[in-house]
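Heads up: the sequence shown at position 208 corresponds to 208 in our numbering, and the numbers run straight through without jumps. We put the CB at the ideal spot given by N, CA and C, even for glycine.
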Amino acid sequence: MRNKTVNSAVFAPDKMWLTKEEETCRKQQCLNGRWQFQPVPIPKDYKRNTGTPPSLPMPDPSGYSDTPIYIPSPWNGNVWGPGRPDRSKKDQKYTPDSVYYPSYPHSWEGTEMGWLRRTFTSFSGADSNTRIILHFEAVAGHADVYINGKHAGSHFDQWLPFEFDITDLIKDGENELLVGVRHQRLFDNQSTKYKKMRTTYAHGSNTQNLAGIWNDVYLLALPSVCTEDLYIRPLLDTDTLEMDITLRNDTDRPQTVTISGDICPTVIEGCEDIWSGGTNPTPHTVPGSSLSDPVMSLTERVVLISPNSKITVTLTEKAGGRLLVWNSESPRLYTALLRLETADKIADCHAVRFGWRQYGIDGRNMLLNGETVRLVGDICHPFGPYMFTRRFIISWYNLIKSVGGNAVRLHAQIHPRIFLDVADEMGIMVMDETGIFGSCISLNFEDSAAWERYAAHYDGLILRDRNRPSVFSWSFGNELFAIFLYDDAAKRDEDIFYAKLFELGNRTRLNDTTRPFITCDGDQDLRGTLPVWSKHYGHGTPPNLDHITKPIVVGENGGSYYARPEQLSVFNGEKAFESYKGRAQALGIDLYDNIRSFGKRLAYFSPSELVWFGMEHLPYGYSDFSRLPDLEDGVFFDNHIEGRPGLYIERIPPYVGTLNPGFDPALDECRPLAMVDAMRDALRFDSSLDGRWERSEDNLPSKPEYPERFDARFAGKAECAAYSALGMAGMTFTGDGDALIIDAGSCNDSAAELLSQTMADGGLALIIVDSDTAAQKAADMMQIPITLSGRTATMLRRAEPHSYVDSMALSDMYTA
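1. DSSP beta-bridge partners for E753?
2. On the CB-based measure, 16 or more other CB atoms within 10 Å of its CB, does G599 come out buried or exposed?
3. Along the chain, where does the beta strand (DSSP E) containing H539 start, and where does it finish?
4. Going by beta-carbon coordinates alone, are L461 and T434 separated by less than 8 Å?
5. Which whole-angstrom value describes the C-beta separation of L587 and M679, a residue pair presumed to lie in contact below a C-beta threshold of 8 Å?
6. Indicate the three-state DSSP secondary structure (helix, strand or coil) for F383 in the structure shown.
7. Have a look at T815 and R564 and give me their C-alpha separation to the nearest angstrom.
8. Excluding the five sequence neighbours on either side, which residues of its own chain have a C-beta within less than 6 Å of the C-beta of M296, listed in chain order?
9. Just the C-alpha distance for N467 and Q158, rounded to the nearest angstrom, thanks.
10. Given this structure, state the Cα-to-Cα distance separating L766 from E566, to the nearest angstrom.
11. Report the partner residues of L501 according to the DSSP bridge assignment.
12. Going by DSSP in three states, Y454 sits in which element: helix, strand or coil?
13. Using a threshold of 8 Å, state whether the C-beta atoms of R515 and F472 are closer than that.
14. So what's F822 in DSSP terms, helix, strand or just coil?
15. Alpha helix (DSSP H) containing A221: first to last residue?
16. Would you call the stretch 75-86 in contact with the stretch 201-219, where contact means no fewer than 3 C-beta pairs closer than 8 Å?
17. Please classify Y397: does DSSP put it in a helix, a strand, or coil?
18. Of all the options Y64, A138, D86 and Y94, which has the alpha carbon lying nearest to the alpha carbon of W108?
19. Leaving out five residues on either side along the sequence, give the residues of the same chain with a beta carbon under 6 Å from the beta carbon of T794.
20. Count the other CB atoms within 10 Å of the CB of G643; is the residue buried (16 or more) or exposed (fewer)?
21. Can you tell which of L659, D493, W80 and G363 has its C-alpha closest to the C-alpha of F613?
22. One question on the structure: do F445 and P661 come within less than 8 Å of each other, judged by their Cβ atoms?
23. So D738 and L764 are in contact, right, with Cβ under 8 Å, and what is the actual spacing, rounded?
24. Look at Y194 and D447 and say whether their C-beta atoms are less than 8 Å apart.
25. In the structure shown, what three-state DSSP assignment does M341 receive?
26. Answer yes if the stretch 141-152 comes into contact with the stretch 169-186, meaning at least three C-beta pairs across the two stretches below 8 Å, and no otherwise.
27. Less than 8 Å separating the beta-carbons of R695 and N544?
28. Classify M16 as helix, strand or coil using the three-state DSSP reduction.
29. Quick check: R409 and S606, are their CB atoms within less than 8 Å of each other?
30. By DSSP, does Y359 sit in helix, in strand, or in coil?
31. Give, in chain order, every unbroken run of the beta strand (DSSP E) that is at least 3 residues long and sits entirely within the stretch 417-450.
32. Considering only residues of the stretch 728-811, which uninterrupted alpha helix (DSSP H) runs meet the minimum length of 4 residues and lie entirely inside it, listed in chain order?
33. With C-beta atoms as the reference, is I71 less than 8 Å away from L116?
34. DSSP has I132 in a bridge; who is on the other side?
35. In whole angstroms, give me the CA-to-CA distance for F11 and D668.
36. What are the partner residues of R248, as DSSP defines its beta bridges?
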């Protein structure tokens, strides 16, 4: 067994749910750590795609796996990527693995239902007026939650937080927490009209196959009179800070409550180097934060709350120059520290972070704080759990800033809050997007339950993130046109579906009135119903968009996903065929062209995954390139600690990512390819840089010019394919001459003697090998080992000039 690369640093540092100010009135307990897991098989007679999931029987107390599961993590987290490739199979020989949790049994990867269990001790010394809340940041699939055998509630969404009041279900001492999860695909309902429509929920992209508790779990103790929600509206145009405060009274008598509070600058400590766009000097820690002295105090307000009820109060304060703006260059943050007082007692303290900023639209322009701002960013599918860590996010956002960008599109699904935390702190503006992902092609627009879930999903995103200064846009879907395009929807149905999509997008104003920038990304403006026009483009010169009078979004651009070398050779000729770097150079030239062609007409632009296609993938924990990597390679982490927030893994495999924020100390932070420099140069809008990114007119080999006839000897059967093809190319096969052609598959034993004679006379021999048998005969003749690779993809290059091959372009020798 080889020595493993082990990293003992904290893999996924994150902060606790409550701030220290809130903990003066509230309590918290992170329930992350080792849980028990019990897989449950799907009944053999279960019929899929009916919309009705199989029932989930209660767990067998003796049926839990001997292997603990680390919460948060999906139980099938090892299929978050290509899984466990079988190296004995030709098509998997060079595929990276995605085994992030080596201790998890292989059988878990196909499990679609299961129970997760742990015990906990509730808060000691809690008075009778304290409510105990069980909070989940996200559970992938349908969750049924039980406390001490009693049902606490259910929830169905892959990415959104939810919580239950379990005050009446817990007891003193040890309590049992059970979470039963059914995979979301068990809720599929096949349309009778459209064969591709079946998913009745927000589908997402690259996390849709996960199942289990994959974000933090908290136990919270809240006062019976408390702030349930605080919605902050910074209205710079009227110099007004407006707040909607939702209060709740869970006691059996009316409560007179005095509302007061302060607005305090929030200082993120020790982050100057991190935010500068350089490397991350302390990737294993959470940046500290503290509140400075208040710059504003809220005017006190006294309200009466009825028993067991809620009330929403609106407070309005003039800023009067006391608040400094949040923007990309100066991401200043404030905390609204809200206090509730009852009968001369501080009943609750609630803290919400925000920024003094305002977004708007003026014609084709997006406005930030009344000034036009052009947003340039990046997107990335979440290809593995390491991407959901503060360390990765900081490194990614630094990449964006290093090329001159200032934004990010959180593509095709709701991302964990930490993406917004870091964006708020670093000044990265965010397009916040749902998981209503049209390119999955499977959304069932015929099912009424699906539309109810879409609405709840979109509402949940806005309610979670509406106080974020970094969020400039809500995107309620992605490439929904694909549903109509690939399922050949009837015109009448298409009109009905588009009306429902307009209704969905129009929900935005129910929950947020501060952001007019609303998109359905890639779907233009949904037949004129949206305030923003959005489209995705592949490689090549972009179209003229001068006729569009709304803000224009190009949310994805380039051929990085799909473009083959023959498609990219228009940018750099044969170099597109030479190597992956040659392909990347072509992508860079295209990216430069597109940014310069679009110019400053766009409100938002992002290429198709700079962080994924713009850099080399890194060999984490793998350095012996004489062999293929295996499951003992990679970097292993041994820092799982009970009760710590964050998504931890046991291992990061080689080649699953492009950034290295301290995962493998032996590697650089990244290895950029041409797209990174191209984007940086293009965003300078300096014409003197154009020469670096000109399309190259490489001189491709000329077509062959054969003499009228060319004499050569031939060893092989006249009926073989080579005899006919070479004859058509101008060869005449004779008994003499300096050239010898050997068809190794059909020649007889005399070919070896002819080969020796030709070589001794200084002639040239061409041996044609097209099978394993031919390879063995050629090897015997030449006394060297020759084998066919057995691969259906090849990428050959000319070794040295010769008249026989000078006419062959690299495209002639490339198949994939």
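With the given structure in hand:
1. Walking along the sequence shown from the start, residue 753 turns up at place 753. Beta bridge pairing from DSSP links E753 with no other residue.
2. Locating residue 599 in the sequence shown gives position 599, where the first residue counts as 1. With fewer than 16 other Cβ atoms within 10 Å, it is exposed.
3. For this step, residue 539 is matched to residue 539 along the sequence shown. Going by DSSP, H539 is part of no beta strand (DSSP E) at all; its letter is neither H nor E.
4. To locate residue 461, count along the sequence shown from 1; it is residue 461. To locate residue 434, count along the sequence shown from 1; it is residue 434. The answer is yes: Cβ separation under 8 Å.
5. In the sequence shown, residue 587 corresponds to position 587, counting from 1. In the sequence shown, residue 679 corresponds to position 679, counting from 1. Taking a contact as a CB-CB distance under 8 Å, the pair L587 and M679 does not count as one, their CB atoms being some 10 Å apart.
6. Position 383 of the sequence shown, counted from the first residue, corresponds to residue 383. Reduced to three states, the DSSP call for F383 is coil.
7. Residue numbering aside, residue 815 sits at position 815 when the sequence shown is read from its first letter. Residue numbering aside, residue 564 sits at position 564 when the sequence shown is read from its first letter. Near 10 Å, if we compare the C-alpha coordinates of R564 and T815.
8. For the purposes of this step, residue 296 is identified with residue 296 of the sequence shown, where counting begins at 1. Closer than 6 Å at the Cβ level, and outside the excluded window around M296, lie I263 and R322.
9. Numbered from 1 along the sequence shown, position 467 holds the residue referred to as residue 467. Numbered from 1 along the sequence shown, position 158 holds the residue referred to as residue 158. Near 22 Å, if we compare the C-alpha coordinates of Q158 and N467.
10. Indexing the sequence shown from 1 puts residue 766 at position 766. Indexing the sequence shown from 1 puts residue 566 at position 566. For the pair L766 and E566, the Cα-to-Cα distance works out to about 28 Å.
11. Reading the sequence shown from its first residue, position 501 is the one you call residue 501. Bridge pairing for L501: absent [DSSP].
12. Locating residue 454 in the sequence shown gives position 454, counting from the first residue. Y454 carries a helical assignment under DSSP once its states are collapsed to helix, strand and coil.
13. Within the sequence shown, the letter at position 515 stands for residue 515. Within the sequence shown, the letter at position 472 stands for residue 472. The beta carbons of R515 and F472 sit closer together than 8 Å.
14. The first residue shown for the chain is 1 and the last is 816, placing residue 822 beyond what the model contains.
15. Taking the first residue of the sequence shown as 1, we reach residue 221 at position 221. Boundaries for A221: no alpha helix (DSSP H) harbours it, while the beta strand (DSSP E) harbouring it runs V217 to P223, taken from the DSSP string.
16. Yes, the stretch 75-86 is in contact with the stretch 201-219.
17. On the sequence shown, residue 397 is found 397 positions in, with the first residue counted as 1. Helix, per DSSP.
18. Start at 1 with the first residue of the sequence shown, and residue 108 comes out as number 108. Comparing Cα-Cα distances from W108 to each of Y64, A138, D86 and Y94, the minimum goes to Y64.
19. Residue mapping note: residue 794 aligns to position 794 of the sequence shown, counting from 1. If we look at T794 and ignore the five residues flanking it on each side, its Cβ neighbours are T815.
20. The residue you call residue 643 lines up with position 643 of the sequence shown. Residue environment: G643 is assigned as exposed (fewer than 16 neighbouring CB atoms within 10 Å of its CB, all protein chains considered).
21. What you label residue 613 is simply residue 613 of the sequence shown in a count that begins at 1. In terms of Cα proximity to F613, the closest of L659, D493, W80 and G363 is L659.
22. Working through the sequence shown from its first residue, we reach residue 445 at position 445. Working through the sequence shown from its first residue, we reach residue 661 at position 661. Taking 8 Å as the Cβ cut-off, F445 and P661 do not qualify as a contacting pair.
23. On the sequence shown, position 738 is the one that residue 738 refers to. On the sequence shown, position 764 is the one that residue 764 refers to. About 7 Å separates the two Cβ atoms, so the contact holds.
24. Sequence index remark: in the sequence shown, residue 194 carries index 194 (1-based). Sequence index remark: in the sequence shown, residue 447 carries index 447 (1-based). Their beta carbons are not under 8 Å apart, which means Y194 does not touch D447 by this criterion.
25. Residue 341 sits at position 341 when you count from the first residue of the sequence shown. Residue identity check: residue 341 is Glu in the sequence provided, not Met. Three-state DSSP puts E341 in a strand.
26. With three or more CB-CB distances shorter than 8 Å, the stretch 169-186 counts as touching the stretch 141-152.
27. Against the sequence shown, residue 695 aligns to sequence position 695. Against the sequence shown, residue 544 aligns to sequence position 544. With respect to the 8 Å criterion, R695 and N544 are not classified as neighbours on the basis of their beta carbons.
28. Counted from its first residue, the sequence shown places residue 16 at position 16. Three-state result, M16: coil.
29. The count along the sequence shown starts at 1 and reaches residue 409 at position 409. The count along the sequence shown starts at 1 and reaches residue 606 at position 606. A distance below 8 Å separates the beta carbons of R409 and S606.
30. Here the question's residue 359 lines up with position 359 in the sequence shown. Residue state, collapsed to three classes: strand.
31. Counting whole runs of 3 or more residues, the stretch 417-450 contains the beta strand (DSSP E) stretches 429-433.
32. Along the length of the stretch 728-811, whole alpha helix (DSSP H) runs at least 4 residues long occupy 750-760 and 772-782, reported in chain order.
33. Position 71 of the sequence shown, counted from the start, is the residue given in the question as residue 71. Position 116 of the sequence shown, counted from the start, is the residue given in the question as residue 116. For I71 and L116, yes; Cβs fall inside 8 Å.
34. Working through the sequence shown from its first residue, we reach residue 132 at position 132. Residue pairing by DSSP places I132 opposite A221 in a beta bridge.
35. The residue labelled residue 11 in the question sits at position 11 within the sequence shown. The residue labelled residue 668 in the question sits at position 668 within the sequence shown. Going by C-alpha positions, F11 is about 17 Å away from D668.
36. As a working mapping, residue 248 is identified with position 248 in the sequence shown. Under DSSP, the beta-bridge partners assigned to R248 are C226 and K310.
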